[in-house]
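S.K.: What follows is a structure written as C-alpha cells; I'll ask about it next.
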Amino acid sequence: MALITLIKALLLAGFLRSVHGGSKQQQLNAQAGSQNPFNDDLADLVGNVMDRWKIAGMSVAVVDGDDVYSQGYGYATLPDIEATPDTLYFAGSTSKAFTAAAVAQMIDSKNYSVLNDGWSTTISSIIREDFVMYEDWSTAHLTLEDAASHRTGMPRHDAALFTHHDDGSPVTTAQQVQNLRHLKPSARPRTTWQYCNYMYTVLGHVAEVLTSKWLGDVLRESIWEPLGMTATFGDTKDAVAAPEHLAAGYYWDAEAKKFVEARLDSTRESGGAGLVISTVSDYTKWARCLLDQTPPFSKAAHADIRKPRMLTDALEGGKMGEGDLTYGLGWMKKTYHGEVVWKHGGTELMYSTQLYLIPRLRYAVTAMANSGLANSAEDEIVWRLIEDKLGVPQERRYNLTSSLIEYEEVQKKALEEAESVFYPNRPDKSLPSSLTNEQIVGHYYDPGYGTLRIVKANVDGKTRLVANRTEPISSYELRFKHVSGNYWLADGYVTDTRSVGGSYAVEFSLGVDGEASGLEVQMTPKGQIGEPNVSFKRV
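The sequence shown runs -21 to -1, 1 to 518 under mature numbering (1 follows the signal peptide of the UniProt record, and there is no 0).
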C-alpha cells in the first residue's frame, strides 16, 4: 500500500538499529575477477527467504565487471510458470531514476531554453497553470531539484494521487499535478527530507510538456531503446502483449495459508513515480550504463545523475554503513564496508524491486519479485551477494535477517497498538457515540482527497462502517471501529486482501440536523512529521 502508515512513522528512528555490530569500516579486498554467484548455497538462502516472507517468485541478476549472471526462483504465475531472468515485474519506484535521468538528459542537451537554469529551474516557469502549491512561496520557488530530491516540504499524500474521477473517467497527469493546490505541506521547503511520489509525477509531467510526448515514449526513445532494453514498458497493456511473461502479483493469506492472486492494475497512471515494468535482464543493461557511464548520457549527465542532493532520515538511520545516507536523482547513496553504494527500491501493488550499484567495482545486483512485501527479502539476498563479492568476514556482516524479523514484529505491534497511539487518554469504558451508524452513512468530500463514501457492510459476519477508496493509484478500504464518543479508528486494508496498510484517527462532527456533518482524519500521530489532518465535509 502506497499510503504512509502509522507503522512507518513509528519506525523511522528505529529500524536496523542492530544490523552492524562493528565500528568504523574499511575498504575490503573484493574478489578478483568474476565468478557465477548462483550456487547451491545461494539457492538455499533464497528458498528460505522466500518461504519466510511468503513470496511466490523472484528473479535476481548480477553485473560483475564484463560478466552478467542471472537466475529465477519459484513461480512467476502459479501453479506452474517458473520465474526466469526474463520474467516481467512491476518495477515501482525504481522508475524514478529513469524519470530523473531523462530530465538530466534534457538539461544537458541545451535544446530547451526554459531549462537554462538546469536543476535550479523553477517548476512553475515550465508548467505554470498546472503547478500551483498550497502555499504561494512554494509555487514560485520550488525547483526541479527540490522535487527530485524530496525536499519540497510535502509528505507522501499517496491517497490523493488518483487514477480516475468519481464518474470513472481517467485522471490525466496534468490533473494529478493540479490537485497539489489542495494538499497541505508538513514541513518548510528544503528543511526536511520527505519521500513524495507526487513530485516525481510532477517531473514526469514536465518531461511530457517539454517533449509533447507521453513519458513512456520519452523513456523508450531516450533510454530504453539506446540501451537495448526491449523488455521494458511504461504501460501494463504493453507488458501483457509482450513476448515475455508478466508475473502475477500475490499476497499471502495467513488465515487460508495460501497465495491469493491480486488484480492486475495499470502502471501508466503512476507516471514518473512508478510506471516502469521490466525484467532483471533488462535492468542489467541499465545498471551497466550507469556503472560505466556510457551513452546515451554524456559524462556531464552521468555526473548529474550521481550527485547527492539531500540528507535523508530513511529507515536504516546511521547504524548500517558509515556516513550519511543521501538522496539524489532517484538514487540513495551511502558507504558500506568501505564501498560507495547507490541503491533504490520499488514497490508497486504486489511487486517489489531492488537495484544496487557499486561503481568502483563495476558491480550491481538487481532483484524483482511478485509480492509487495518482498523488498526485505530482496535485501537479504542482495547483501549476501554484495558481502560475498567484497569478501566480508562473517563477524562483520550486517545482521539483516534478525533485524528484518524484528522489524516485522514491530510492524505487527504498531498495528495492534494504533488505538493507544492515537488515543492515549481514552476512557477505560467507551462513551457512546452521539451518532448512529445510519446517521454517519453518506458521502463526504475534501478537494484534495476526493469523495469518501461510507456505507454499512458485512465484514466477517459483523456489520461495520466501511469506505472503499478505488480512485487512488493504491486503492484501499477503510474499516471504522468505534473508540469513544465521536472518535473512531479507521484501518486501511489493501483492496481485495486481508492486509492492513495503516490506521488513522477519525473524529465525526455533528450538524444541527442531528446527522454527521463531516469527519476529520488524523493521518499521522502527534509529534511526528507526515500527512496533515484531512477534513471531509458531508455532501
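A virtual CB, placed ideally from N, CA and C, is assigned to each residue, including glycine.
Quick caveat, the model's predicted, so the values are computed rather than measured.
Would you mind sorting W203 into buried or exposed? The rule is 16 or more other CB atoms within 10 Å of its CB.
M.R.: What you label residue 203 is simply residue 224 of the sequence shown in a count that begins at 1. Buried: at least 16 other Cβ atoms inside 10 Å.
S.K.: Where does the unbroken alpha helix (DSSP H) through D196 begin, and where does it stop?
M.R.: Sequence index remark: in the sequence shown, residue 196 carries index 217 (1-based). Looking at the DSSP string, the run of the alpha helix (DSSP H) that includes D196 is 194 to 198.
S.K.: Could you give the residue range of the alpha helix (DSSP H) that holds I419?
M.R.: Residue mapping note: residue 419 aligns to position 440 of the sequence shown, counting from 1. Looking at the DSSP string, the run of the alpha helix (DSSP H) that includes I419 is 416 to 419.
S.K.: Who are the Cβ neighbours of E114 in its own chain at under 7 Å, not counting the five residues just before and after it?
M.R.: As a working note, residue 114 is residue 135 in the sequence shown. Correct list, in chain order: P164.
S.K.: Counting C-beta neighbours from all protein chains within 10 Å, is the total for N90 16 or more, i.e. buried, or is it exposed?
M.R.: Position 111 of the sequence shown holds residue 90. Burial call: exposed.
S.K.: Name the DSSP beta bridge partners of N437, please?
M.R.: Residue numbering aside, residue 437 sits at position 458 when the sequence shown is read from its first letter. Answer by DSSP bridge pairing, in chain order: T442.
S.K.: Would a C-beta distance cut-off of 8 Å place G307 and R288 closer than the cut-off?
M.R.: By 1-based counting over the sequence shown, the position of residue 307 is 328. By 1-based counting over the sequence shown, the position of residue 288 is 309. Yes, the Cβ-Cβ distance between G307 and R288 is below 8 Å.
S.K.: Can you tell me which of the three DSSP states I508 falls into?
M.R.: In the sequence shown, counting from the first residue as 1, residue 508 sits at position 529. In this structure, I508 counts as coil in the three-state DSSP scheme.
S.K.: In terms of DSSP beta bridges, what is Y52 paired with?
M.R.: For this step, residue 52 is matched to residue 73 along the sequence shown. In the DSSP output, where bridge partners are listed per residue, Y52 has M37.
S.K.: Quick test of the definition: if touching needs 3 or more C-beta pairs under 8 Å, does the segment 70 to 79 touch the segment 319 to 336?
M.R.: Touching, yes, given that three or more Cβ pairs across the two stretches are closer than 8 Å.
S.K.: Is there contact between the segment 42 to 58 and the segment 144 to 163, where contact requires at least three CB pairs shorter than 8 Å?
M.R.: Flag = no, the segment 42 to 58 and the segment 144 to 163 do not touch.
S.K.: Between the C-alpha atoms of S38 and S92, what's the straight-line distance to the nearest angstrom?
M.R.: Here the question's residue 38 lines up with position 59 in the sequence shown. Here the question's residue 92 lines up with position 113 in the sequence shown. One C-alpha to the other measures close to 42 Å.
S.K.: Which of helix, strand or coil does DSSP assign to Y179?
M.R.: Residue numbering aside, residue 179 sits at position 200 when the sequence shown is read from its first letter. Three-state result, Y179: helix.
S.K.: Is the separation between the beta-carbon of G213 and that of T78 shorter than 8 Å?
M.R.: Taking the sequence shown and counting its residues from 1, one reaches residue 213 at position 234. Taking the sequence shown and counting its residues from 1, one reaches residue 78 at position 99. Not a contact, by the Cβ cut-off of 8 Å.
S.K.: For F515, which of Y423, F69, D19 has the nearest alpha-carbon?
M.R.: As a first step, residue 515 must be located in the sequence shown, where it is residue number 536. Per the Cα distances, Y423.
S.K.: Quick check on the burial criterion: 16 or more other C-beta atoms within 10 angstroms. Buried or exposed for H144?
M.R.: Here residue 144 refers to the residue found at position 165 when the sequence shown is read from its first residue. Counting Cβ neighbours within 10 Å, H144 comes out exposed, since fewer than 16 surround it.
S.K.: Can you tell me whether K312 is helix, strand or coil according to DSSP?
M.R.: In the sequence shown, counting from the first residue as 1, residue 312 sits at position 333. K312: strand per DSSP, three-state reduction.
S.K.: May I ask which residues mark the beginning and end of the alpha helix (DSSP H) holding D232?
M.R.: Sequence index remark: in the sequence shown, residue 232 carries index 253 (1-based). Per DSSP, D232 belongs to no alpha helix (DSSP H); it is in the beta strand (DSSP E), 229 to 232.
S.K.: I need the straight-line Cα distance from T209 to P511, nearest angstrom please.
M.R.: Numbered from 1 along the sequence shown, position 230 holds the residue referred to as residue 209. Numbered from 1 along the sequence shown, position 532 holds the residue referred to as residue 511. The alpha-carbon atoms of T209 and P511 are separated by roughly 42 Å.
S.K.: Using the beta-carbon count (16 or more within 10 Å), is R135 buried or exposed?
M.R.: Locating residue 135 in the sequence shown gives position 156, where the first residue counts as 1. It counts as buried.
S.K.: Can you grab the Cα-Cα spacing for the pair F487 / A227, in whole Å?
M.R.: Along the sequence shown, one-based indexing puts residue 487 at 508. Along the sequence shown, one-based indexing puts residue 227 at 248. Roughly 40 Å separates the two Cα atoms.
S.K.: Compare the C-alpha of Q501 against each of Y466, V518, L489, A495 and name the closest.
M.R.: As a working note, residue 501 is residue 522 in the sequence shown. Looking at the Cα atoms, Y466 is the closest of the given residues.
S.K.: Give the DSSP-derived three-state secondary structure of E248 in the structure shown.
M.R.: The residue you call residue 248 lines up with position 269 of the sequence shown. E248: helix per DSSP, three-state reduction.
S.K.: The alpha helix (DSSP H) that contains H281, what's its start and end?
M.R.: Numbered from its first residue, the sequence shown carries residue 281 at position 302. Looking at the DSSP string, the run of the alpha helix (DSSP H) that includes H281 is 278 to 285.
S.K.: Contact defined as beta carbons within less than 8 Å: I believe V473 pairs with G481. What is the distance between those atoms, to the nearest angstrom?
M.R.: Taking the sequence shown and counting its residues from 1, the one referred to as residue 473 is at position 494. Taking the sequence shown and counting its residues from 1, the one referred to as residue 481 is at position 502. That belief does not hold up - the Cβ atoms of V473 and G481 are roughly 10 Å apart, past 8 Å.
S.K.: Whose CA, out of S413, L414, T415, E398, lies closest to the CA of D407?
M.R.: For the purposes of this step, residue 407 is identified with residue 428 of the sequence shown, where counting begins at 1. Selected option, being the one with the closest Cα: E398.
S.K.: Residues in the same chain with beta-carbon distance under 8 Å from N15, minus the five sequence neighbours each way, listed in chain order, please.
M.R.: The count along the sequence shown starts at 1 and reaches residue 15 at position 36. Counting only Cβ-Cβ distances below 8 Å, and skipping sequence neighbours, we find Y48.
S.K.: Considering only C-alpha positions, which residue in the set E456, R477, A81 is nearest to K192?
M.R.: Here residue 192 is taken as the residue at index 213 of the sequence shown, counted from 1. Out of E456, R477, A81, A81 has the C-alpha closest to the C-alpha of K192.
S.K.: Look at residue 553 and S201 and say whether their C-beta atoms are less than 8 Å apart.
M.R.: This structure leaves residue 553 out entirely; the chain is present only between -21 and 518.
S.K.: Counting C-beta neighbours from all protein chains within 10 Å, is the total for R242 16 or more, i.e. buried, or is it exposed?
M.R.: Position 263 of the sequence shown holds residue 242. So R242 counts as exposed.
S.K.: In the structure shown, what three-state DSSP assignment does G1 receive?
M.R.: Along the sequence shown, read from residue 1 onward, the residue named residue 1 stands at position 22. At G1 the pLDDT is 35, less than 50, meaning the model places this residue with poor confidence and gives no usable figure here.
S.K.: Quick check on A210: does DSSP put it in helix, strand or coil?
M.R.: On the sequence shown, residue 210 is found 231 positions in, with the first residue counted as 1. Three-state result, A210: coil.
S.K.: From Y377 to L94, what distance separates their C-alpha atoms?
M.R.: Position 398 of the sequence shown, counted from the start, is the residue given in the question as residue 377. Position 115 of the sequence shown, counted from the start, is the residue given in the question as residue 94. Taking the straight line from one Cα to the other gives about 43 Å.
S.K.: Could you tell me how far apart the beta carbons of G253 and N176 are, in whole angstroms, since I believe they sit closer than 8 Å?
M.R.: Position 274 of the sequence shown holds residue 253. Position 197 of the sequence shown holds residue 176. Right, their Cβ atoms sit about 7 Å apart.
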